[in-house]
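Notes for the one structure printed next.
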Amino acid sequence: MMSLVVAIRDMFEPILAEMSPDRAKVADYLAMVKPAANADHGDYQANFAMALAKAVGQKPPELAKTIIAKIPANHLIESATVAGPGFINIKLKPSHLESRIAAMARDERLGVPTVAKPKSFVVDLSGPNVAKPLHVGHLRSTIIGDALVRILRFCGHTVVGDNHLGDWGTQFGILIYGYKHHRDDAAYAADPVRELARLYILVRNLAKASDDDEDTATGDIMDACRKETAKLHAGDPENVALWQKFMPACLEMLRPIYERLDVKIDHALGESFYHGMLPGVVSDLLEKGIAVESNGAVVVPNAKGIIPKDDEQAKKEEPPALIRKRDGAFTYTTTDLATIKYRVETWKPDVMLYVVDARQALHFKTLFANAKRWGYANVDFQHIQFGSILGRDKKPYRTRDGGTVELAALLDEAAELGLKKYEESYASRKAVGHEVPELTDEVKRTIAETVGYGAVKYADLSGNRTSDYIFDYDKMLATEGNTATYMQYAYARCRSIFRKGDIDETAFRSKLPAVSNTTPQERALVVQLLKLPEAIEAAAAEYLPHYLTAYLWDLAKAYSTFFEACPVLKAETPDLRDSRLVLVDLVARAIQLVLNLLGIRTVERM
RNA sequence: GCACCCGUAGCUCAAUUGGAUAGAGCGUCGGCCUCCGGAGCCGAAGGUUACAGGUUCAACUCCUGUCGGGUGUACCA
């Protein structure tokens, strides 16, 4: 089923084709049909009369009237009126809304079509450094990346998620050094994951290196660690064997966090995977004349083709991309180029998304430019950037004593607060005299985690991803406003109605009653439900998950208003009751579907 | 120095990519519980969209400049 907005555009298409002097502009004009900015103006609005008037030399309001007069008899539009400087306000026929909502209810995909021309995507997401605990810095890439994978896949695209692990860096030097000098064999045999975690922290503390400066920290111990890293990279048999021995345990450290986040990534091809390809990348770039030697290193000139000759020029120009250091070591640019080569050869993507912190914008700008020079010009590279997570003091989010916040602890706290929310709600409902069921600890734990983790994810996804955001448990778990909790609550209320009415939704859906939309609240809810396909398409097209949270927020508000005004189980007639049940069920399904696209779960009671 | 991002209500954020009277939540003020879940609903106040120009029928959005904040700037990834 085509979406509402497309159906309306199709109606105007022949009219505009006839009237427009420039046929090529018709598509642009049609794009000016959008949902009404203000519900008082109707359901949809067409803004093309002003632009077209300019082209044909007429006054916009008169031209709008002419266009309206040409609309053929149809079952879609009830009225089209001219307003202001030439807007066409469109109101849809209730009968059409009803038949659309019926079709939506019959459809497992809730009327969301798959794309006509599926593309192939590779999404680079999460990318933690293994061998150390996952921390808050990896949260956004993981959450946003996972949401994009889910959204694009739902739209019908082929999507490969790839976790580009940092599994070849200094942290292994630290582990190898620790294992050689401080290991406890019995502890390692009993629980390698725990022992490696202990060694990593021990060595870091001995070297007094923080998470940020482990690559640059000075001191004998860090020098020794870096030597172990260099030996690993040079192929030293002992260190390579240790690396191979450690890797399974390192991956095992990550697994529980991804499980809790409900994130599954298809591949985890880390830096180590590309290690062997790097010399070939450099020699190929040199052969093709894309890279040159400079100061003993190998570099690719910047976008202007410049390699700074002196400090003065270096200050003015964008830097070249270094692909082999003077000491012979390769850089992350080299690895990234090798990764592009591998991904293109293996998965042949049309689009490659890098869900990475905005601070790496310059790196990706040069990386993409260089990849295109190298022969990958037909791949659409996109840096899906996002801002930093800040604390309430607007500085990078840290623990009270200034350390990095580990994800395990963060999720623990979120679930704990989720449980507290439930208990507060339980007490207050009980106090008001509601009948509240006693739930098992198991069910309560599921509620706590669903609410807590959902709150964290939703808070991350509901803002425009490019801006920084302030991490605040109180705000993300708020029961008022645009939060996961509110959406989950709206869902639980829908489900509660079906429970209360003792209605089996599977049976109900198999024999759907007719829908009417007599009251303004019902009509508003119907129109909002029908905007679902547009919301998903927009989120997929712009890679902006917050379009989906905005949709959910509007839907939940429309539902709450409906809920207050329109009794369902106690509706005046059985037909009306059934009609409203369809709406309630659709709200629940739409919330569940969209939350699922964001990687957030729902619960039947909370 | 140069480059990129940002500046919207007291606070946290939107604004469907150039459309009508710039919208929400929190907070403030005022209503609503014999009623399907009050983790709720209805309403009010609150704005020179940092500032100054420009383009356009139309600018928070595009261009130029100024001020303020953040980030990044070849051998760490």
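To convert a position in the first sequence, counted from 1, into the numbering used here, add 8. We put the beta carbon where it would ideally sit given N, CA and C, even for glycine. Predicted, not measured: the structure shown is a model, and the values here were computed from it.
Endpoints, the alpha helix (DSSP H) within which residue i is located
{"i": "Glu457", "result": "449-469"}
{"i": "Ile229", "result": "228-242"}
{"i": "Val307", "result": "First-last for Val307: 305-308, but that is the beta strand (DSSP E), not the alpha helix (DSSP H)."}
{"i": "Phe479", "result": "Neither: Phe479 is in no alpha helix (DSSP H) and is coded neither H nor E."}
{"i": "Pro245", "result": "245-269"}
{"i": "Glu203", "result": "200-215"}
{"i": "Lys323", "result": "319-324"}
{"i": "Met9", "result": "Neither: Met9 is in no alpha helix (DSSP H) and is coded neither H nor E."}
{"i": "Glu542", "result": "540-550"}
{"i": "Arg630", "result": "Since the first and last residues shown for the chain are 9 and 614, residue 630 lies out of range."}
Burial state of residue i (16 or more Cβ within 10 Å)
{"i": "Arg597", "result": "buried"}
{"i": "Ala77", "result": "exposed"}
{"i": "Pro93", "result": "exposed"}
{"i": "Val64", "result": "exposed"}
{"i": "Leu370", "result": "exposed"}
{"i": "His83", "result": "exposed"}
{"i": "Lys140", "result": "buried"}
{"i": "Asp115", "result": "exposed"}
{"i": "Ala456", "result": "buried"}
{"i": "Ala566", "result": "buried"}
{"i": "Val271", "result": "buried"}
{"i": "Ser280", "result": "buried"}
{"i": "Val123", "result": "exposed"}
{"i": "Ala548", "result": "buried"}
{"i": "Lys578", "result": "exposed"}
{"i": "Met10", "result": "exposed"}
{"i": "Gly297", "result": "exposed"}
{"i": "Arg202", "result": "exposed"}
{"i": "Gly284", "result": "exposed"}
{"i": "Asn171", "result": "buried"}
{"i": "Thr407", "result": "exposed"}
{"i": "Ser87", "result": "exposed"}
{"i": "Arg473", "result": "buried"}
{"i": "Glu550", "result": "exposed"}
{"i": "Gly336", "result": "exposed"}
Within 9 Å, strictly: CB atoms of residue i and residue j
{"i": "Ile505", "j": "Val440", "result": "no"}
{"i": "Gly304", "j": "Arg334", "result": "yes"}
{"i": "Thr493", "j": "Gln529", "result": "no"}
{"i": "His190", "j": "Val211", "result": "yes"}
{"i": "Gln496", "j": "Thr458", "result": "yes"}
{"i": "Val359", "j": "Gln390", "result": "yes"}
{"i": "Pro463", "j": "Tyr477", "result": "Sequence inspection shows Ala at residue 463; the Pro mentioned does not correspond to that position. No, Cβ-Cβ distance for Ala463 and Tyr477 is not below 9 Å."}
{"i": "Val300", "j": "Arg332", "result": "no"}
{"i": "Glu236", "j": "Gly181", "result": "yes"}
{"i": "Val248", "j": "Leu418", "result": "no"}
{"i": "Gly460", "j": "Ala422", "result": "yes"}
{"i": "Tyr52", "j": "Ile79", "result": "no"}
{"i": "Ala311", "j": "Ala377", "result": "yes"}
{"i": "Lys380", "j": "Gly607", "result": "no"}
{"i": "Leu427", "j": "Arg453", "result": "yes"}
{"i": "Tyr350", "j": "Tyr282", "result": "yes"}
{"i": "Leu95", "j": "His49", "result": "The identity of residue 95 in the sequence shown is Phe, whereas the question assumes Leu. Contact flag set, yes."}
{"i": "Gly174", "j": "Gly243", "result": "no"}
{"i": "Cys502", "j": "Val611", "result": "no"}
{"i": "Pro200", "j": "Pro256", "result": "yes"}
{"i": "Leu4", "j": "Tyr187", "result": "This structure leaves residue 4 out entirely; the chain is present only between 9 and 614."}
Identified DSSP bridge partners for residue i
{"i": "Ile392", "result": "Val363"}
{"i": "Leu330", "result": "Val307"}
{"i": "Phe338", "result": "Arg332"}
{"i": "Pro404", "result": "Leu398"}
{"i": "Thr166", "result": "Ser128"}
{"i": "Ile98", "result": "Tyr52, Ala88"}
{"i": "Val300", "result": "Val307"}
{"i": "Val41", "result": "Ala54"}
{"i": "His143", "result": "Glu414"}
Residue range of the unbroken beta strand (DSSP E) whose run includes residue i
{"i": "Ile85", "result": "85-91"}
{"i": "Ala54", "result": "52-54"}
{"i": "Gly181", "result": "Where Gly181 is concerned, there is no enclosing beta strand (DSSP E), although the alpha helix (DSSP H) it sits in stretches over 178-190."}
Inset, instruction - Taking 8 Å as the threshold, find out whether the segment 510-524 comes into contact with the segment 102-119 through three or more Cβ pairs. - result: Yes, they touch.
Inset, instruction - Spell out a yes or no on whether the segment 340-354 and the segment 316-328 are touching, meaning 3 or more CB-CB pairs, one atom from each, closer than 8 Å. - result: The segment 340-354, when compared against the segment 316-328, does not touch it at the 8 Å Cβ threshold.
Inset, instruction - Give a yes or no on contact between the segment 587-604 and the segment 548-563, applying the rule of three or more CB pairs nearer than 8 Å. - result: In this structure the segment 587-604 touches the segment 548-563; the number of beta carbon pairs closer than 8 Å is three or more.
Inset, instruction - Determine contact between the segment 434-453 and the segment 157-166, defined as no fewer than three beta-carbon pairs at a distance below 8 Å. - result: As far as the Cβ criterion goes, the segment 434-453 does not touch the segment 157-166, which means the pair count is below three.
Inset, instruction - Kindly confirm or deny that the segment 126-140 and the segment 343-358 touch, where touching means at least three C-beta pairs closer than 8 Å. - result: Touching, per the Cβ criterion.
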